[in-house]
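Enquirer: For the protein sequence lines, the chains are Z and C, in the order given. Mind the numbering: the first sequence is residues 1 to 288 in this note's numbering, read in order. Mind the numbering: the second sequence is residues 289 to 434 in this note's numbering, read in order. Got a structure for you, written out below as structure tokens; questions coming shortly.
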Amino acid sequence: MTMNTQTISGVFAGEVTGIDITRPLPDETIAAIEAGMDRHAVLVFHDQPLTDDTQRAFSRQFGELESAAGGHVTAVRDRRLPLDMQDASNLDQNQNVLTRDDRRRFFNLGNRLWHSDSSFRAVPAKYSLLSGRIVAEQGGNTEFADMRAAYDALDAATKAEIDGLVCEHSLMFSRGLLGFTELTEAEIAMFRPVCQPLVRVHPVTGRKSLFLSAHGGTIIGWPVPEARAFLRDLTEQATQRRFVYSHRWRQHDLVMWDNRQTMHRVTRFDESQPRDMRRTTIAGTATA
Amino acid sequence: MINQIRPSFANGGFGGEVSWIDLTHPLNRKRVTAIECGIDRYVVIVYHGQQITDDQQKAFSLNFGVLEGTAVGTVPGALDQPRPGAFMADVPNLRPDNKPLARGDKRHMFNLGNRLWHTGSSFRAVLTKYTLISRLIGPDPTRRFE
């Protein structure tokens, strides 16, 4: 079996075939996957029936796993999954679908906004690996926008203007966009904003990209309404269809993306049905 | 008249341009009807090269119905010293003395809402029909109105 990576027709993402990621892989294969990530920023692996353990083992070959602590309103004792598995499902700890008025569901609705994983952390995420255990029959696509192409498409005046700008990111900003503002004192303390540059440089390829995210809510030194209007303008430009790959899930897909070069979101789906998606996240390095 | 309204974009029937008309003069009913038919078809119509005063813009606008008041729908205090009259919604970045609004000005903050997709006056019980916007002074023409 030979690993092969091909560009998905018409988009920037790649599809990897000829590989079984449920088993340990030699270093050269891992290096080839990393090279594919540098180039495509999103890689799709079909027909990979992962367990939590095999997903962890595959993920750890790309770096340390990020802990989910501090990133949700679900208390650690109420989590369905261990802290090193991010729960992107609509299920509670008893495997029941979250009810419509459950505040954990309100919080999860933030995933419908374009974002980069963990941009609200001082050390944002490098890769995310999402495994489709139970996928939605309709909707529930994960859409990816290429922030390198979005940066390249900006006019010279905008590139000059955003060079060196620093934004504050917080889960409070993204949830605030949805009107979910009822947070406890402890949650407010946990979601304290962090600073991130508006333009990032990829550590391997050297390519610049826009570091946008729904978590971004201010630009240091700017009046807040002006900053939000500008960030929204940039986000609308950066998420035009020509920059987007929309992934239609099949059971046992694993999709892996580089948060340093992309934003993503989930599209609407029937939340009365279980959707079980599990994410491992590779910690990045501090941007400041 | 209708022959003088043409699609402004190559990619379909949305948006039209009027190639020959002088909006500073009164129009007869036939021409007004032709413009209304053009709007029904193209939804957005652009008239280039119209050096129009406030009074002429009002007169042209009244061909299509009653003008909506602007007393509600701006930030409180913005109309203490209105720039144009109460039937002209002010969309620029200028103060009553025609100097640009300061960056932190509350009126500027309010106007930033125009950067969000919206339909005019959907916040009113009685909605608007047409909006007519006239550009007197503007920045770099590559900055677009979508």
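All C-beta atoms in this analysis are idealised placements derived from N, C-alpha and C, irrespective of residue type, glycine included.
On the three-state DSSP scale, how would you describe E168(Z)?
Expert: Strand.
Enquirer: If I measure Cβ to Cβ from Q251(Z) and keep anything under 8 Å in the same chain, skipping five residues before and after, which residues do I get?
Expert: G132, R133, I134 and V135.
Enquirer: Give the C-beta separation of S174(Z) and H202(Z) to the nearest angstrom, bearing in mind that I take them to be a contact with Cβ-Cβ under 8 Å.
Expert: In fact, because the Cβ distance is near 24 Å, the residues do not count as touching under 8 Å.
Enquirer: Residues of the segment 213–235 of chain Z with a CB closer than 9 Å to any CB of chain C: list them in chain order, please.
Expert: Of all residues in the segment 213–235 of chain Z, W222, P223, V224, P225, E226, R228, A229, F230, R232 and D233 have a Cβ within less than 9 Å of some Cβ in chain C.
Enquirer: Report the CB separation of V331(C) from S296(C) in whole angstroms; it is logged as a contact under 8 Å.
Expert: Incorrect: roughly 11 Å between the Cβ atoms, too far for contact.
Enquirer: Mind reading off the beta-carbon distance from E137(Z) to G217(Z)? Whole number of angstroms is fine, and I expect it under 8 Å.
Expert: At roughly 35 Å, the Cβ-Cβ gap does not stay under 8 Å, so E137(Z) and G217(Z) are not in contact.
Enquirer: For D233(Z), which of helix, strand or coil comes out of DSSP?
Expert: It is helical.
Enquirer: Could you tell me the distance, in whole angstroms, from the CA atom of S67(Z) to the CA atom of T281(Z)?
Expert: Distance between the alpha carbons of S67(Z) and T281(Z): 8 Å.
Enquirer: Which residues in the same chain as V97(Z) place their Cβ atom closer than 8 Å to its Cβ, once the five residues preceding and following it in sequence are excluded?
Expert: Only N90, L91, E271, S272, Q273 and P274 meet the Cβ criterion.
Enquirer: Could you pull out every residue in the same chain whose Cβ sits closer than 6 Å to the Cβ of F243(Z), ignoring the five residues on either side in sequence?
Expert: Answer for F243(Z): A145, D146, A149 and A150, listed in chain order.
Enquirer: Distance, Cα to Cα, P314(C) vs K417(C)?
Expert: Using only the alpha carbons, I get a separation of about 21 Å.
Enquirer: Chain Z partners of R391(C), CB-CB under 8 Å?
Expert: Here the neighbours are P223 and E226.
Enquirer: Could you tell me which residues DSSP pairs with E305(C) in its beta bridges?
Expert: DSSP output for E305(C) lists R294(C) and V334(C) as bridge partner(s).
Enquirer: Does any CB atom of chain Z fall closer than 8 Å to the CB of L382(C)?
Expert: It does not; no Cβ of chain Z falls within 8 Å.
Enquirer: R294(C) versus chain Z: which residues are under 8 Å apart at the beta carbon?
Expert: By Cβ distance, chain Z contributes nothing, its closest Cβ being about 27 Å from R294(C), past 8 Å.
Enquirer: Which residues in chain Z sit within 7 Å of M376(C), going by Cβ to Cβ distance?
Expert: Within 7 Å Cβ-Cβ: nothing; M376(C) doesn't reach chain Z, min ~24 Å.
Enquirer: Have a look at L130(Z), R241(Z), A186(Z) and S116(Z) and flag the residue whose alpha-carbon is nearest the alpha-carbon of L198(Z).
Expert: Minimum Cα distance to L198(Z) is reached at S116(Z).
Enquirer: For H289(Z), which of helix, strand or coil comes out of DSSP?
Expert: Since the first residue shown for chain Z is 1 and the last is 288, residue 289(Z) is missing from the structure and cannot be characterised.
Enquirer: Under the rule that 16 or more other beta-carbon atoms within 10 Å means buried, what is G71(Z), buried or exposed?
Expert: Classification for G71(Z): buried.
Enquirer: Are the Cβ atoms of Q48(Z) and P124(Z) separated by less than 8 Å?
Expert: No. Outside cutoff.
Enquirer: Looking only at its own chain, which residues have a Cβ that is under 6 Å from the Cβ of I30(Z), when we skip the five neighbours before and after it?
Expert: Taken in chain order, the residues that qualify are Q61.
Enquirer: In whole angstroms, give me the CA-to-CA distance for Q261(Z) and T5(Z).
Expert: Looking at the two C-alpha atoms, the distance is approximately 19 Å.
Enquirer: Can you find the residues in the same chain that come closer than 7 Å, C-beta to C-beta, to G140(Z), ignoring five residues on each side of it along the sequence?
Expert: Counting only Cβ-Cβ distances below 7 Å, and skipping sequence neighbours, we find W249, V266, T267, F269 and R275.
Enquirer: Per DSSP, which residues does N4(Z) bridge with? Please list them.
Expert: T17(Z), per the DSSP bridge assignment.
Enquirer: Taking 8 Å as the CB-CB limit, is R403(C) close to chain Z?
Expert: Closer than 8 Å: yes.
Enquirer: Are the CB atoms of F120(Z) and S170(Z) nearer to each other than 8 Å?
Expert: Cβ distance < 8 Å, so F120(Z) and S170(Z) count as in contact.
Enquirer: Let me make sure I understand the geometry here. Which of T285(Z), A283(Z), A286(Z) and R279(Z) has the alpha-carbon closest to that of Q55(Z)?
Expert: Taking only the C-alpha atoms, the option nearest Q55(Z) is R279(Z).
Enquirer: DSSP on R265(Z), reduced to helix/strand/coil?
Expert: Strand, per DSSP.
Enquirer: Per DSSP, what kind of secondary structure is F411(C) in: helix, strand or coil?
Expert: Of the three classes helix, strand and coil, the one that applies to F411(C) here is coil, per DSSP.
Enquirer: Verify whether the separation of the beta carbon atoms of H46(Z) and D253(Z) is less than 8 Å.
Expert: Contact: yes.
Enquirer: How many angstroms separate the CA atom of T407(C) from the CA atom of T358(C)?
Expert: One C-alpha to the other measures close to 15 Å.
Enquirer: How would you write the range of the alpha helix (DSSP H) that M256(Z) sits in, first residue to last?
Expert: Looking at the DSSP string, M256(Z) is not in any alpha helix (DSSP H); the run it does join, the beta strand (DSSP E), is L254 to D258.
Enquirer: Under the three-state reduction of DSSP, which class applies to P225(Z): helix, strand or coil?
Expert: Note: P225(Z) maps to helix in three-state DSSP.
Enquirer: Would you call the segment 74–90 of chain Z and the segment 153–165 of chain Z in contact, with 3 or more CB pairs under 8 Å?
Expert: Short answer: they don't touch.
Enquirer: Name, in chain order, the residues that DSSP records as bridge partners for A57(Z).
Expert: DSSP lists no partner for A57(Z).
Enquirer: Can you list, in chain order, the residues of its chain whose CB lies under 6 Å from that of S307(C), leaving out five sequence neighbours each side?
Expert: The answer, listed in chain order, is Q292.
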